[in-house]
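These notes are about the structure you will find just below.
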Amino acid sequence: MSVRNDVFQQICPRSNQGRKCRACRTGGTVMSSIMPLLAALVVSFCCFAGTAHSQGGDEAVRAIENHYRELGTLRARVVQKNFLKSFGKTKTFSGALSIKKPGRLRLDYTNGQRIVIDGKKVWFYSRKSEQVIKRTFTDFEEANIPVAFLLGAASIRDDFTVVQPKGNTPLLLDLVPKRPGAPMKKIRLRSEEDGRIVEMRIFDRSGNVTTIAFTEIQEGVKLQDELFRFSVPKGTEIIE
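For the sequence shown, my numbering gives the first residue as -10, with consecutive numbering after it.
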């Protein structure tokens, strides 16, 4: 089973009832970006708000802390590559990402998929399947997906240990979850000298790897709150 289906079954209520919606039947593609994007939001905006527990890489940690501490908004292009170990294949997605504190995110993929977080609700929309999955942060917490810090309910330093991989440059850091049973094995991030994160790599416990590269990064831009409000298209089925 691919990581996409694993994550989808944690979120899709129908999977727990022995049923399958159209998104499930097509491999859960609308959900393929949940973990990486939430991880990206966590790392970029939350994890270095305070002093993280670190095993090496102190200089890089301080640079990232200083860069993101006061940053309120971010806009970027993303290229996401999902390597599925069971198939030995990599799928590539691209899109436009917008983030605004506290806890708001919008990601529009070029294939018609969309993720919108308004601070309370999380929407996963698939134009192809004409369905949208509506969830809350509580749902993610119950699914053992560490996103409580999106609302400032937790600190990343309580959930991750920062480690600098041996033999690598100071601009490469690993975040290793402290909590047993976390869906991800580690998050590896690459930053520039000024602390700006330009790439993230998420390793799950099944050997799947998702790489997210950030380009055309704009920081401190004006983003209207309306951008993070999802309007359900006519004829779209809502799954709760």
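Glycine included, every Cβ here is placed at the ideal spot set by N, Cα and C.
Residues of its chain near residue i, where Cβ-Cβ distance is below 7 Å and the 5 sequence neighbours each way are ignored
{"i": "G196", "result": "K74"}
{"i": "E119", "result": "G224, T225 and E226"}
{"i": "T99", "result": "S83 and G84"}
{"i": "K117", "result": "G101"}
{"i": "V165", "result": "F149, T150, V152 and K175"}
Status (buried if at least 16 other CB within 10 Å, exposed otherwise) for residue i
{"i": "F149", "result": "buried"}
{"i": "S220", "result": "exposed"}
{"i": "R177", "result": "buried"}
{"i": "G184", "result": "buried"}
{"i": "V210", "result": "exposed"}
{"i": "F76", "result": "exposed"}
{"i": "D163", "result": "buried"}
{"i": "A52", "result": "buried"}
{"i": "I186", "result": "buried"}
{"i": "Q153", "result": "buried"}
{"i": "R64", "result": "buried"}
{"i": "R190", "result": "buried"}
Same chain, Cβ closer than 6 Å to residue i, five either side skipped, listed in chain order
{"i": "M(-10)", "result": "The pLDDT assigned to M(-10) is 31, lower than 50, so where the model puts this residue is not dependable, and the model offers no usable value."}
{"i": "T79", "result": "K70 and F72"}
{"i": "Y114", "result": "R103 and V121"}
{"i": "E229", "result": "K123"}
{"i": "D97", "result": "G84, A85 and R103"}
{"i": "L212", "result": "T62, S87 and K89"}
Extent of the continuous alpha helix (DSSP H) to which residue i belongs
{"i": "R185", "result": "Looking at the DSSP string, R185 is not in any alpha helix (DSSP H), and its letter there is neither H nor E."}
Residue interval of the beta strand (DSSP E) (run including residue i)
{"i": "R51", "result": "Taken as a continuous stretch (DSSP letters only), R51 belongs to no beta strand (DSSP E), being part of the alpha helix (DSSP H) at D47 to Y57."}
{"i": "T81", "result": "K78 to K89"}
{"i": "L73", "result": "T62 to L73"}
{"i": "Y115", "result": "Checking the sequence shown, residue 115 turns out to be Ser, not Tyr. Run containing S115: K110 to S115, per the beta strand (DSSP E) assignment."}
{"i": "E229", "result": "Where E229 is concerned, there is no enclosing beta strand (DSSP E), given that its DSSP letter is neither H nor E."}
DSSP beta-bridge partners of residue i
{"i": "F217", "result": "Its beta-bridge partners do not exist; DSSP assigns none."}
{"i": "R194", "result": "According to DSSP, which records beta bridges pairwise, R194 is partnered with nothing at all."}
{"i": "K123", "result": "W112"}
{"i": "V210", "result": "DSSP, once it has assigned bridges, lists no residue as partnering V210."}
{"i": "T199", "result": "N71 and I191"}
{"i": "T204", "result": "R66"}
Own chain partners of residue i with C-beta closer than 8 Å, once the 5 adjacent residues on each side are dropped
{"i": "F217", "result": "S87, K89, R93, L94, R95, V105, I106, D107 and G108"}
{"i": "F192", "result": "M173, K174, K175, I176, R177 and V198"}
{"i": "G61", "result": "K89, K90 and G209"}
{"i": "V68", "result": "T81, F82, S83, I201, A202 and T204"}
{"i": "Q194", "result": "Just to set this straight, residue 194 is Arg in the shown sequence, not Gln. Same-chain partners within the cutoff: P172, M173 and K174."}
{"i": "E182", "result": "A52 and L160"}
8 Å Cβ cutoff, residue i in contact with chain D
{"i": "I186", "result": "Of the protein chains in the structure, only one exists, and it is not chain D."}
- Can you check the stretch 149 to 180 for any beta strand (DSSP E) of at least 3 residues that lies completely inside it and give the ranges in chain order? 149 to 152, 161 to 166 and 173 to 180
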